[in-house]
Structure formats: structure tokens, C-alpha cells
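Single-structure report; data block below.
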Amino acid sequence: MAAGNVNPFNLSDSEDEADQRAEDGVHIEKSPSVGTQGPSSNNPFSPQADAEPPALLVSSTRTSPCVEGISVSVAAAAMTVALAETRVSVDVIAAQLIRDHYILTALEFHTELLESGRELPRLRDYFSNPGNFERQTGTPPACKEQGLGPGGPLNRAGSISTLDSLDFARYSDDGNRESDERVAVLEFELRKAKETIQALRTNLTQAAESDTQERNKNYSSHPETQEPIRPLEKRALNFLVNEYLLKNEYKLSAITFSDENDDQDFELWDDVGLNIPKPPDLLQIYRNCGSALPSPRNTVDVAVGVESGELTGNYITQKSDLLQQQQTEVVEELEYQISLLNEEKQSLADYIKKLQSEIQSLRRTVSPPPHDQGSQPNPPSSSSSSTPPQPLLDNGQYLDIRGASEPDKPPTESIPPTQTISNPTHTSSQPHAKLKSRGTVVFDQPNRKLSPAFQQALLSFCKMSADSRLGAEVSRIADNEESVMLMLGRCLPHIVPNVLLAKREELIPLILCTACLHPEPKERDQLLHILFNLIKRPDDEQRQMILTGCVAFARHVGPTRVEAELLPQCWEQINHKYPERRLLVAEACGALAPYLPKEIRSSLVLSMLQQMLAEDKADMVREAVVKSLAIIMGYIDDPDKYSQGFELMLLSLGDPSERVVSAIHQVFIPAFAAWTTELGNLQTTLIPSLLARIEKLLKGEHGLDEHKLHMFLSALQSLIPPLFSVVIQNAPFTHRVNLQGDIPPIEVTRFPRPASPLQDIATIVGSRETLSALLILYDYQLEHEGTTGWDSLLWVVNQLLPQLIDIVGRINVASTTCVHEFSRFFWRLCRTFGKIFTNTKVKPQFQEILRLSEENVDALTGNGILTKATVPIYATGVLTCYNQDEDRKLLVGFLEDVMTTLSLSHAPLDSLKASFVELGANPVYHELLLTVLWYGVVHTSALVRCTAARMFELILRGMSEALIDRRVAPALITLCSGPEFSVRISTIPAFGTIMETVTQKELLERVKMQLASFLEDPQYQDQHSLHMEIIRTFGRVGPNAEPRFRDEFVLPHLHKLALGNNVQATESKRIDIATQLFEAYSALSCCFISEELMVNHFLPGLRCLRTDMEQLSPEHEVILSSMIKEGEMKVENRGIGQAEGSVSIAASLVGEDAKTKFLSKMGQLTTSGAMLANVFQRKK
């Protein structure tokens, strides 16, 4: 666990500590003689033995044997005289030497005993333990156990060493030679390590050979089974394959193969790890695959014998008789042994029958154990006396988290979280007796009123798997010895072949059963620690298995043990370095929430999840935290935690990850809304808090933060289903709901598609039948009986809607994002509350504000309500909720009235444009919008016709070419045939958009002819605004239009316009045209232009424009000169063959962002011409 997080459970904080404890345990086992002897030990220097020979204890309290040497000698002499006739054992002497720290004397004594063949175990164990020779500041444990003084043992090298690796001369008075002797010590340790490696290789070879023989036997008996490759086999085969590739000149393959196996040295066969000679190469193995391979060991053929002539006939006859006699004796001996075994077999069979009869008689006489009051009796293990004994069945001693879905289980096995189950901690006093019935376990039930369907949908976000074989095994926990045996029999066949292949989840049933039934808390804690650390980085399936096991464990042991045993494991890994482990913790907190005490659920677990949400950097962990927090909100019943839940909602909504935001809308907000509904805070606190934050954003001094607006508005949108469920569940008609009889099904399109099951109103209210019955009464109440006494609905009508409409009127109509967000919100609100509510409650409030009259428009300031975002949001969010004929007619009439009113009032058209853009994004409304525009095309007012012409440009993108050809082009041509020049000019942007988006040649030719008439007809020669609009349109659509249209039409006419502007007498008109021409040429300069067009139109047009800019704008003149120079250089280079094809005057700006770079250069215009002179200079 990371620093700064206090572990309230006082447990191990890391896996390293457990590993260190394990290693310490190994050292203790390897050197048992070093520790303190037990009471029954025969050690003469144990406390009991020390009391007998007091003479030997003279120096036992001395701390410095070198200082007290004389006293020791005197004591030894006195001891020798006193015990002259008593022989002291060698072990006693050795013990005394070690106790008094005479290490050198003990070593010499040990050496002499070894040379004489009498090795003493005490000395051998002492000098073989390196822990006795480490230099420490205090008395080490080994010294204390051996009785050493505080002077401490000898110095020791940094690595593991024994007394053989120490040179005691370094402690003499000759000086410190540690640096030289350190080399000798390390050399000795290296030699010992090599010997150890060699011994390990020998053991490994023997194990591999025996394993190979065993597999050969298995293969001969079961040739169809194929065992997985072993690591040693893989390394050996890798070596042979690499050797084969090198011998046959597959060098690249060998290099690749070596890189893929970088953990193996292909130069040395010894690196494989087998202590056997290298086998033949692959070719030799393949050639000999049909016959037995020769043994790799070195063999020598030796033959010993005599000539047949040297043997006499009697010798041969005697030898054959001797062999026959020996064989006869062997056969007789084997037959005798067979007869003995048969007799033993018969006697054992009789004994087994006798034992079985005794068992049956005991079963008939033993009565079932008494059960605690209030608990369910366990199924009996045997039948009554009148029924023959049944075999042991695996169907009566399990607790199954899957519920009662399995028909073969008795009803007592389906234990929901609210049911009481038995306590597994009480066992029978006799080892082979059945478990006694256990006390009841009761889970804390929150004081909540969630529907079972909503609760089940909420718990479905706990990822558990009980459908597979392993999931079913994990979800059932045995609660007596017989069931444990059955479970082991089922699981072990799966564990054995898989545990070595990282299938560690197979161990989960064993760990859980043992952790449930083990009587020692320390052992249970260790088993649960193993469970949470079973897999280094568990994947989704493995985490689901662990969570399934945790839930089964929790249901079996009760909330107290869950808090004391499972929760600490989660706390330990809250800051684990692997995100998969932290993800397991986050998911476990949610899965265990129903089984924890309510105080812990709303305090510790909530704090853990809040910390992970704020600090964890992994998106998937924070997503799981949000889902677990939602489950906590579904079980919490402490009203004081409401503010904390609201802050958690806002924190999650501002998360940068889309996964976390999606989880907050799908899971957390519905669960939090269900709790606030029970508290009565949904309409009084939660929704008003979000609306207040939106209003605060609109009043901000630094502009509107659209991201925060989207965050709060999306939260409001997710609260619409809970709000509607509150309205219909608190209506005056709820007492009249009748679920008997035929209830018509709900229309598929009645409600918007929910983002998750928790946002499905049928889930919130309990069932689709209940919702259908409520909807029938809801519609009838709205249509016939009104809203009197319906407080929840009156709050929506009188408070929520007016506040929302007021907020809509204050947002910026030019913000496409804001308009879209509010439109979607009102669309969902109206679709959820129904058509009757929309027609009778929502539309009248909008219509009251949007009074379609000229008095409602302030043409001077543009602050009229018709110029605000209220128009597009009402049109796209309310009037488009339903798509019947009367609804479409209402939408068409509203848009026609808005267009007419705004046009006649000379008001800004931003609100109308926003409506057309939002509706035009959906092809369903293209026909409807064209109907509205045709109304404007045939309108008598030129202002309305101009507005209609402007609107065509906004809806052409995304419209089908057939519809453009059939309805748009005729309408535009009709507008061009009118007498007003302003109407004709208004059609030019729409014609340009057609040239940009359409590929149909006939339609393009018609548009081209119309544009040509604008440029070539004498009546338009003095139309300054027409020329301005055409040049602006050419600059906008030229780079994206068809190349032929650009080369044959746009560039030549721009040249003519630039040439004509040189003789323009009015300076204001001249500067306007020149500015538009500069922008158009700047946009077209990034296109590929042929040499002919460059010479004939583009460069001459630029020169004409430069002539205007020399007098009107010197800054632009500098840039134009650079552009002309660059274009001329390109033409010259192409002429000498250094460039081919079309050329771009901005070719020096390489890449797709050439236009962006070029325009950014022009954006740096200042009054200083010197700074602009280098804009287009060639790089040197």
C-alpha cells in the first residue's frame, strides 16, 4: 500500500512481506538446531540440563571470552580435577565451546572429529549456518539461541557464505586485509554456486528422464492424448531448430528465431538446463524416427567368452539341468506367493463386509442432531430404518448464489441476500460426525423502497459469472465434510492439468471452501490473501470468477466476517501498481456492498471508492468505481450522505474519460435519483441544484463554458425518467391501478430508447404491466380530469418548464452546440411525458412567449424573443417530437411565420438559420424545409424572398442530388427571374454551394449558365454588391469545386473582375472589390493550376490586383509581389523541364496543411512592409 494511506486493519501491506516471511520460514526449517530447544529436548545445555552440572556454567554469562581466557582455563582445570573419574561426552564439550564463544577452538575440534570419522551433528549444524557469522550491532537471534554473548559473531561476506569461506586471519592483529580476502571469499562462493548449479542440473536431468519415461508409458496406453510442451522440452527443441536453420543457410530465419527467444543462449547446449550430451540434429532424428534412437551415452562394446571347443559335453548337460531346476523352483515360489495373496484378499473382503454391516447398524441407531430454532434443517445423510441406504448425493449441502433458477435444487438452496442462512463456524466434537446445525446469519437490510426489478437491474452491473461450469462451482460453497470431498473430486481433475498453464482460477473453489470452514482466523486471512493475489493481472473472466467467489463467501459467512476478512484484502490493494488489481478492488466493493454492515457500507467503503475516483489514473478503474458507487447508492439509507453523493456525481461528470461519463449516466445517476426520490429531494433539491448551476454559467463574466453546460444539461436529461416515474407514482389515480385482466402493451416508440436498463421506466416502477396500467390512467387524467391535486406534475408545469424556457432565452443562438443540447433535452422531456402533456402543457408556454408579431421583434437591437435561441429549440426540440401530419403542419407553419416576421422586421436571421441548420442535419426534414422555403420563394415581399434564398445555402449539404435537381434548382431559377436585384444576388451563395457539392453534369451546366449571366449580362455591370457576392462565393467554393469549373470559369472571370477594378472610379468600391479579390486569390493559390492558366489568367489577375493594392493597401502589395515572384519562378522552372504537370504557387508550403500555413502568414499583416517582404522568400 502506498504511503499516506493508513491501513485500519493492521495487515500486511504488500506481497513482498509475505514472500519474506516465507523465506524466513525456509531458513528456520533448514537449520533447526540453531533455534531454542524445546522442553523435551535431549540437549544437555537446555535450561533443564544446565542446572545439573554447575561446573560447566562458570563461564556461561561471560560476554568476552578473550578477556576471560585465564579464568576459563582455571575453571577448566578445576573441572578436570573434579571430574577426573567421570568421562565427559564430546557433545557436552562442543556445546560448552559454542556457548562460551570459543569459535576457533570449536572449529579445530570439529576438524579433528571429521578427520577421525566422528562427525558431531551439533558442530556440523552450527558451522553450516551462515546466520551465525553475520556482524550485527546487537546480539542476533542465532547468537541468543546458541547462548552467545553480545559481542556478536564473526564478520561475513555480503552474499550467502559458510564458515568454509571465511579466513579468520583477517581478524588478527596483522591488519585489515578485507579487500584481498574478499576476492578469495567470492571465488569460493562462485565455486560453491557452480557446484550447486551442477547438482541442480543433475536433479533436473533425472526428473526430465523419469518424466519422459512416464509420458512414454502414458502415450503408449493413450496415444490420442497430447500433453502440453514442457519448458525444458521447449528449450531443447529451440536449440535443435536454431541449429538446423544455421546449418541449412536460413540465416534470417535463425536471427528472427533467436530474437523471439531472447531468454536462451543458442551458442551453448548447457543453457538448455539438461545435464546430458547434446542429442543428434533434427535431420538425424527425423531419419531415425521410425526406430528407437541410440542412447546418447558413450558406450563401448566388450565381449568376453571362451571357444565352444574348450567346453566339455558334461558341462553343457549339467548347465542345462541346473537352469531347468532353478526355473522350477522360481515357479513354485511364485505359486506359493499367489496362494498367500489370495487368502489375504479373501480375509480382507470378509473384514470389509463386517465393517459395512457395523456402519449400517450405527446409521440405524444414531438419531439426527438437534437443530437451532429458526434455521432450516439440513437434508439427512441417511434414510429411515425402513428404507435401504442411499448413496451419497451432491444435492443437499450447498449455498447457491444463482437463486432458484435450477429446478433440481430444493427450495432451501435459493438464498437471496435478505434471507437468513446458517453459521458454518460450529463443528461437531467428533471428527467423523456431521456438522451441527448452525446459527442464523442476518444481513442488514436498508430502509429502502426500491422495486425488485430495479434492484435486480442495479445488481446486474456486478460482473459475476455463474453460468459456466466453473462459475457454478464457485457459486456453491460446501458446508460439511462430505460435500467438501465431493467438491474436491469435481475440481481436482480440472486443477491438475491446468494450474501449471496459468489457469489459476480453478483453485478458487478450493480456496473459498477452505477459507469458509477453517477454524483459524489467521489461516483464513492467509487464504483470502492468496485469493486476491492468485493472478498477477487478472483479466475480465478471472475477475468475474473471483468476484463470484467473494459474493458466495459473503453470503455464507455473514456481514461480520465479510467486514473483518474480505474488506481488508480490498484495502491492501487499493493502490496496487497493476490497474487490473485496482479494478478488482473497485468491482469487489460494489459486489460486496449488499453483504456489509450498513455503517461500513456508508462510511469506509464509500470513502475508499471516493479516494479511488479522485486519485486513480486508469479509466477502467474509475469506470468500475462509478458503478460500485451506484450500487452503494442503491443500498445506502443515511440521509446525511446525500451531499457527498451529489459531489461524487459532479466529480464523475467532469471526468475526462468518456467511459466514466457514460457509466455515470447509465448507472450512477439512476441509482442516485432513486435514493433522492425516496428522500423526497428529487424535485426539491437535486434538479433545482443543477438548474442553479446552469444559470450561474449563463451569468459568467468570462463567457459561457459550453463543456460545463453540456455536463449539467446531460445530468438533467438522465433525470427525466426518474422524474416521470415520480409523477405517475404520486398521481391521484395510483389507487385505481388494476393489474388484473388484459393490459394493452406499451407502444415500442412510446418512450425514447433508454441508455441503460436503469433508465427504463418499466424497471423503475417495477414491471411493464404496472407501467402500462399507469400510462392508461395518466393519459386519461391529463385529457379529462386535469391536474388538480397532482403536486408532482404541477411542479413540472409551474416551476420546471418556466425556468427552462427562461434559461433557453438567455443562451447564445449562434452556439450550435448549446442549441443542439437543449433541443435534445426538450425532445426527450416531451417524448417521455407524452403527446397530451406536450400539446397541453409545453407548447402553450412556448407559444405564449413566441407571439408571432412584429411587436415581438426589436429590429434595432435584435433583442426580441424571436431572435433568441427559443425559436430553434422550440422548433427542433418540441415541434419535432411527433411526426404525424398535424405535427408537421404545425412545424411548417411556425417556420413560415418566423421567416416572414423576421424578414419584414429587418431583424437578424440567426434564430431562423439555427433552426434550418439543426433540422437540415436530419434528411427526414429536407422535404419539409423545402416546403417552407417554397412558401418564401412565392411570397409577395422581396424581403421574404431574399431570406428564402439565403436559407437554401444552409440545407444543401447532405441533400440528395435528385432533390436538388427537382426542387432546389427550379426554386433558385424562379428567384433569379424576379425583378429585384437583391433577390437575385441572394441566390448566388446557394448556386456556389451546388457547384461545390453536386457532380451531375447537366445540373452543373445550368448553374454555370446562370452565374455566367450574372457576370456577362450588361445590366449587372454596375451592380457592386453582385460582384462582391460572386467574388466571395468563388473564394469559398473554388478550392473544393470541380477542377474544370475552376479552370474554365472561376479563374478567367476573376481576371476580368480584377482588370475592371483597375478603372473603378469610386475608391470605396475599388477597395472593397480588391479586398475580396485578395481573399479569393489567397484561397485559390493553394490549388493546382496549369501553366497555361498561370500565364494567361492567374498571374495577370495578380498583377492587376497588385496595381490596386499599391495605392490602397501597401501591406497587401508586399504579399502580392511575393506571390507573383513565386509563380513566375515556377513557370520558369517548368519551362526548363525541372517540373511537370500542374503547379501551385504555394508548393513551397509542402503538406496537406499548406493552405493553413499560407493563411497564417497573411494573418500576420502589420503596417510594417519590411516585415512582410520575407513572407514568400525561398528558403536557402
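Residue numbers (the working numbering): 3 to 1182.
Think of the CB as a built atom: it goes at the ideal place given N, C-alpha and C, for glycine as much as any other residue.
Inclusion of R120 and D93 in the CB contact set at 8 Å is not warranted, their separation being larger than that value.
With contacts defined as CB atoms closer than 8 Å, S260 and N250 fail to qualify as a contacting pair. With contacts defined by Cβ atoms closer than 8 Å, T842 and C832 do not form a contacting pair. At the C-beta level, Y637 and P454 stay beyond 8 Å of one another. The continuous stretches of alpha helix (DSSP H) do not include D446, and DSSP gives it neither H nor E. Going by beta carbons, L650 and L615 fall inside the 8 Å limit.
N1063 sits buried, since 16 or more C-beta atoms from the chains shown fall within 10 Å of its C-beta. For I1091, the secondary structure class from DSSP, reduced to helix, strand or coil, is strand. Per DSSP, the continuous alpha helix (DSSP H) segment holding W829 begins and ends at T818 to F835. Counting along the chain, no alpha helix (DSSP H) covers W271, and no H or E run does either. Three or more Cβ pairs closer than 8 Å define a contact, and the stretch 965-980 meets that threshold against the stretch 935-945. In this structure L914 does not touch V926 by the C-beta definition: roughly 19 Å separates them, more than the 8 Å allowed. Given a length threshold of 4 residues, each whole run of the alpha helix (DSSP H) inside the stretch 650-703 is given here in chain order: 660-665, 671-681 and 689-700. Just measuring C-alpha positions, the residue of I813, L1013, L684 and T516 sitting nearest G705 is I813. DSSP places V844 within a helical segment (H, G or I) once states are collapsed to three. By the beta-carbon neighbour count (other beta carbons within 10 angstroms, threshold 16), H822 is buried. Out of L585, L1107 and F753, the CA that lies nearest to the CA of E1119 is found in L1107. For a cut-off of 8 Å, the C-beta gap from A992 to L958 is around 7 Å, short enough to register as a contact. Judged by DSSP in its simplified three-state form, C883 adopts coil rather than helix or strand.
The alpha-carbon separation between L519 and F241 amounts to approximately 49 Å. In summary, E508 is buried, with 16 or more beta-carbon neighbours lying within 10 Å of its beta-carbon over all protein chains present. Between L921 and L935, the gap from beta carbon to beta carbon reaches 8 Å or more.
Per DSSP, the continuous alpha helix (DSSP H) segment holding F534 begins and ends at P523 to F534. As the crow flies, the alpha-carbon of L652 is around 49 Å from that of L1086. Contact check between the stretch 616-633 and the stretch 655-669: three or more CB pairs, one atom from each, fall below 8 Å, which counts as touching. M1111 is positioned such that its CB atom lies no closer than 8 Å to that of A1067. Burial state of M547 is buried, judged by a 10 Å Cβ sphere holding 16 or more other Cβ atoms. Comparing alpha carbon positions, the residue from A816, S774 and V729 closest to L795 is V729. Going by beta carbons, T818 and V919 fall inside the 8 Å limit. Counting the other CB atoms within 10 Å of its CB gives Q326 a total below 16, which places it among the exposed residues. Comparing alpha carbon positions, the residue from G1103, F835 and R952 closest to Y884 is F835. Going by beta carbons, P540 and E582 fall inside the 8 Å limit. Here P724 is near A676, since their CB atoms are less than 8 Å apart. DSSP, reduced to helix, strand and coil, places R120 outside both helices and strands of the structure shown, so it counts as coil. Between the C-alpha atoms of E189 and V274 there is a straight-line separation of about 25 Å.
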